[in-house]
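Here it is, written out as structure tokens:
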């Protein structure tokens, strides 16, 4: 095949050599060694991307490299952890150097933007699969968890300024042939699907401000239900308050509901915070360069209720995206 | 498919709930949170196993669960790190509950034996792929690296008492139809291939004793060459000194050489230590319940030379197993 495993790693995945803050031993040994500062703990998360399931075979490899890391950084963001390092396990059906160069460039661009060093990995032949594990630093006891929501808290969702939730699912509907979009709109929603921006700065700013958080990977309601279960609370969500882009707002109402409520692949943060923190939340978002919108309220009990803007209960069954069911 | 992603994780991969020493936040949140003790650092490694490449479709799932973690723990062992936790990313072509029960039981049995808690993961539909990332604790600056070998050091290899190196490759030769073995011998070498025992206790005992170490996953000479390159030294290996099981010793000499020198999948430790440490090395092995054998000597220069027992240079090209070449 020309390029062997070790050459491949040396050429495309060894840019972050040596030590740095938090990295005592970098790539090239049996293990990397991470050194958290006194009083800090290490947040860890892992996400695996499979061709045909999480991305299309035709995806730009730079976007794939970006997304493989972005979905992991999004988990750190939901915990309020500062990215430190990551490892990449990669299974490849063949060695395509142009493709690898693209993957590597997209991955390192996002890693560098967040100070996240690629400190190790594994490469093998096999069906295309990217499995990244990320490490982030968080003050001892300071991680934002799913379990802290309290009745009376506001429910917020993050989004791009001028954008919203659900564009990734809208793009998927186009690729599934169910709807059509004009070229520029398609490129915008495709970008939302392929190049999500992890809300790392927002997550950091929400430490001590949000009572609970989760990132939206499988759909807003489905992910929110995990947070509710861990917190032992219920929620009322106003579906009409969920922000959406102009592209999504131009679609029929049922499709808007599908995309915003159970779309998936948004990588926005859904979080709760006491009403007393509203100004702090808004300032945190401004500082992070993103928007946040209040979409509901935490209640006692365990029910996840969804209403329209007039407070009328929606009775559709909006279920979470499940990789073994969809 | 009956069982969804979240049910599957709850049923088979959520045994290590809650907190424990070193684990501040266990499974069930966006991130797990690890807390290393003061003065300690975190060793990290990742290995991905792909069906047809690293294991046969017919493998007992409990052995596969064992092996997926074992190959990762072996990297911690090579660094002298104490296992703390791991995460599992799993891609599955279908939900087979009996198979998952087996995988889970084999994985947890080895994890429990080493105090390694499964603190998180990801599950998706796709071609069968197991990607584990392990975390181990090591004193700050105390990890055994590949880079510390000095001219004059002994070269050692670990092995089971009464066993040796190369049985996993011997089993592979049987499965490839190139040789035949009687039933009991086949079961023994198959076990070596499918159920490697990571040398964790030995690695811990070698901290401050070994000057450099690496685990043998791709073949003894190939892996040793990585250690040499990182240390900037050469080596002379006595091929006849490499320990081998009675099953392998009964094979023709060329097959013995192939299996011991470039077999792969051994998950033994190859390490270097000053001759002054010989007694300490032997005591470390006794304490860990394994054997160690001296197989060579580190030299100045960069050459990897292999001789027979009489000191005559072998001129065969014994190359490392490479997943993109073999």
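Chains as they are written, first to last, in the working numbering: chain A, 1 to 326; chain B, 1001 to 1326.
Ideal placement from N, C-alpha and C gives every residue a C-beta, glycine not left out.
Contact list for residue i against chain A, beta-carbon separation under 7 Å
i: residue 1050 (chain B); result: 91, 124, 126
i: residue 1266 (chain B); result: Neighbours of residue 1266 (chain B) on chain A: none; closest Cβ ~14 Å, over 7 Å.
i: residue 1121 (chain B); result: 46
i: residue 1133 (chain B); result: 46, 87, 133
i: residue 1277 (chain B); result: Here the premise fails: no neighbours, minimum Cβ distance about 20 Å.
Residues near residue i by beta carbon distance below 8 Å, same chain, minus five either side
i: residue 1017 (chain B); result: 1026, 1027, 1028
i: residue 203 (chain A); result: 76, 77, 78, 79, 80, 81, 144, 213, 269
i: residue 1260 (chain B); result: 1164, 1165, 1166, 1220, 1239, 1242, 1244, 1248
i: residue 1313 (chain B); result: 1305, 1306, 1307
i: residue 1326 (chain B); result: For residue 1326 (chain B), the predicted structure reports a pLDDT of 41, less than 50, and the residue's modelled location is therefore unreliable. A value from the coordinates is still provided. None.
i: residue 358 (chain A); result: Beyond the ends of chain A as shown, which are 1 and 326, falls residue 358 (chain A); an answer cannot be given.
i: residue 1118 (chain B); result: 1013, 1015, 1016, 1027, 1085, 1086, 1087, 1088, 1107, 1108, 1111
i: residue 1140 (chain B); result: 1039, 1040, 1041
i: residue 1282 (chain B); result: 1292
i: residue 121 (chain A); result: 9, 13, 27, 87, 88, 89, 90
i: residue 93 (chain A); result: 125, 126, 127, 128
i: residue 301 (chain A); result: 233, 234
Amino acids of chain A, ordered along the chain, whose beta-carbon sits closer than 8 Å to that of residue i
i: residue 1161 (chain B); result: Under the 8 Å cutoff, chain A gives no residues; its nearest Cβ is about 24 Å from residue 1161 (chain B).
Sequence-distant residues of the same chain with beta carbon closer than 7 Å to residue i, five excluded per side
i: residue 1236 (chain B); result: 1296, 1297, 1299, 1305, 1307
i: residue 114 (chain A); result: 73, 83, 200
i: residue 1246 (chain B); result: none
i: residue 1324 (chain B); result: Interpretation of residue 1324 (chain B) is limited by its pLDDT of 46, a score under 50 that renders its predicted location unreliable; no figure is taken from the coordinates.
i: residue 1198 (chain B); result: 1070, 1073, 1074, 1077, 1267
i: residue 1035 (chain B); result: 1022, 1024
i: residue 1099 (chain B); result: 1061
i: residue 1020 (chain B); result: 1117
i: residue 1226 (chain B); result: 1146, 1214
Spatially closest choice to residue i from the options, by CA coordinates
i: residue 1074 (chain B); options: B:1177, B:1153, B:1196, B:1246; result: B:1196
i: residue 267 (chain A); options: A:59, A:102, A:169; result: A:169
i: residue 1116 (chain B); options: B:1046, B:1022, B:1054; result: B:1022
i: residue 277 (chain A); options: A:109, A:129, A:155, A:309; result: A:155
i: residue 1133 (chain B); options: B:1089, B:1167, B:1283; result: B:1089
i: residue 1123 (chain B); options: B:1149, B:1178, B:1013; result: B:1013
i: residue 1275 (chain B); options: B:1294, B:1258, B:1112; result: B:1294
i: residue 111 (chain A); options: A:52, A:97, A:87; result: A:87
i: residue 287 (chain A); options: A:8, A:6, A:181, A:206; result: A:206
i: residue 106 (chain A); options: A:63, A:146, A:128; result: A:63
i: residue 1162 (chain B); options: B:1291, B:1234, B:1005; result: B:1291
i: residue 125 (chain A); options: A:183, A:91, A:273; result: A:91
i: residue 1191 (chain B); options: B:1215, B:1216, B:1160; result: B:1160
i: residue 348 (chain A); options: A:271, A:131, A:53; result: Residue 348 (chain A) cannot be examined here, being either before or after the span of chain A that is shown, 1 to 326.
i: residue 152 (chain A); options: A:210, A:182, A:103; result: A:210
Own chain, CB closer than 6 Å to residue i, minus 5 neighbours either side, in chain order
i: residue 1229 (chain B); result: none
i: residue 1322 (chain B); result: Bear in mind that a pLDDT of 44 at residue 1322 (chain B), under 50, signals an unreliable position, so the number given afterwards is only what the model happens to contain. Closer than 6 Å at the Cβ level, and outside the excluded window around residue 1322 (chain B), lies no residue.
i: residue 189 (chain A); result: 167, 170, 171, 247
i: residue 303 (chain A); result: 234
i: residue 1179 (chain B); result: 1173
i: residue 136 (chain A); result: 43, 76, 81, 82, 83, 84
i: residue 185 (chain A); result: 247
i: residue 158 (chain A); result: 199, 202, 268, 269, 290, 292
Contacts of residue i in chain B (Cβ-Cβ under 9 Å)
i: residue 214 (chain A); result: 1029, 1030
i: residue 195 (chain A); result: Neighbours of residue 195 (chain A) on chain B: none; closest Cβ ~20 Å, over 9 Å.
Within chain A, partners of residue i - CB distance below 9 Å
i: residue 1038 (chain B); result: 38
i: residue 1079 (chain B); result: 25, 29, 30, 31, 33
i: residue 1020 (chain B); result: Under the 9 Å cutoff, chain A gives no residues; its nearest Cβ is about 14 Å from residue 1020 (chain B).
Contact set between residue i and chain B, taken where Cβ atoms lie within less than 7 Å
i: residue 53 (chain A); result: 1124, 1125, 1126
i: residue 76 (chain A); result: 1031
Cutoff 8 Å: residue i Cβ touching any chain E Cβ
i: residue 1042 (chain B); result: The chain labelled as chain E is not found among the protein chains of the depicted structure, namely A and B.
*Any residues in the stretch 139 to 152 of chain A with a beta carbon nearer than 7 Å to a beta carbon of chain B? Which ones, in chain order?*
Those would be 140, 143, 145, 146, in chain order.
*What residue ranges within the stretch 272 to 313 of chain A form continuous beta strand (DSSP E) runs of no fewer than 3 residues, ordered along the chain?*
Listed in chain order, they are 291 to 299, 304 to 307.
*Taking only runs of the alpha helix (DSSP H) that begin and end inside the stretch 1090 to 1126 of chain B, which ones reach a length of at least 4 residues, in chain order?*
Listed in chain order, the alpha helix (DSSP H) elements of length 4 or more contained wholly in the stretch 1090 to 1126 of chain B are 1097 to 1113.
*At what residue ranges does the stretch 21 to 86 of chain A contain a whole run of the alpha helix (DSSP H), taking only runs of 4 or more?*
When DSSP assignments are scanned along the stretch 21 to 86 of chain A, the uninterrupted stretches of alpha helix (DSSP H) that are 4 or more residues long and fall wholly within it turn out to be 61 to 79.
*Enumerate, from N- to C-terminal direction, the unbroken beta strand (DSSP E) stretches of 3 or more residues contained entirely within the stretch 1126 to 1213 of chain B.*
You should have 1129 to 1139, 1154 to 1159.
*Using a Cβ-Cβ cut-off of less than 7 Å, give me the residues of the stretch 1224 to 1253 of chain B that come near chain A, in sequence order.*
1230: these are the residues of the stretch 1224 to 1253 of chain B whose beta carbon lies less than 7 Å from some beta carbon of chain A, given in chain order.
*Can you check the stretch 1230 to 1256 of chain B for any beta strand (DSSP E) of at least 3 residues that lies completely inside it and give the ranges in chain order?*
The qualifying runs are 1234 to 1238.
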